[in-house]
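All remarks here apply to the structure that follows.
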Amino acid sequence: MLHPDKFQNEIYTLLTKIEEEYPELSPFLDENLVTIPYIEHPKLDDETFSRYLDDLKQLLYHYRNNHQKNKA
416 MLHPDKFQNE IYTLLTKIEE EYPELSPFLD ENLVTIPYIE HPKLDDETFS RYLDDLKQLL
476 YHYRNNHQKN KA
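Following my numbering, the numbering of the sequence shown begins with 416 at its first residue and continues without gaps.
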């Protein structure tokens, strides 16, 4: 498991990459349930950061695969 600072750094790096290289994905970032919690006082722990990081990676992975297939 990553240290919380590592999670935050990796999340920041990935978000920056998405915003700079794939701005068309920006609307999907706002729709993530981890970023818009449905409870009043969400728990922010390693599991939460890990899930969010995994969600970002999956979003980018699926976009790259579908985008590259559509370009070919």
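Quick reminder that beta carbons are idealized off the backbone N, C-alpha and C, glycines included.
Under the criterion of a Cβ to heavy atom distance below 7 Å, does tyrosine 476 qualify as lining the ligand FMN?
Among the ligands in the structure shown, none appear at all, so the ligand FMN cannot be discussed.
Buried or exposed: where does lysine 468 fall if 16 or more other Cβ atoms within 10 Å of its Cβ makes it buried?
Here residue 468 is taken as the residue at index 53 of the sequence shown, counted from 1. The sequence shown places leucine at residue 468, rather than the lysine named in the question. Leucine 468 should be labelled buried.
With a threshold of 16 other CB atoms inside 10 Å of the CB of leucine 471, please say whether the residue is buried or exposed.
Position 56 of the sequence shown, counted from the first residue, corresponds to residue 471. With 16 or more other Cβ atoms within 10 Å, it is buried.
I'd like to know whether the C-beta atoms of glutamate 435 and serine 441 end up nearer to each other than 8 Å.
As a position in the sequence shown, residue 435 is number 20, starting the count at 1. As a position in the sequence shown, residue 441 is number 26, starting the count at 1. Taking 8 Å as the Cβ cut-off, glutamate 435 and serine 441 do not qualify as a contacting pair.
How about tyrosine 478 and tyrosine 427: do their beta carbons lie closer than 8 Å?
The residue labelled residue 478 in the question sits at position 63 within the sequence shown. The residue labelled residue 427 in the question sits at position 12 within the sequence shown. Cβ distance not < 8 Å, so tyrosine 478 and tyrosine 427 don't count as in contact.
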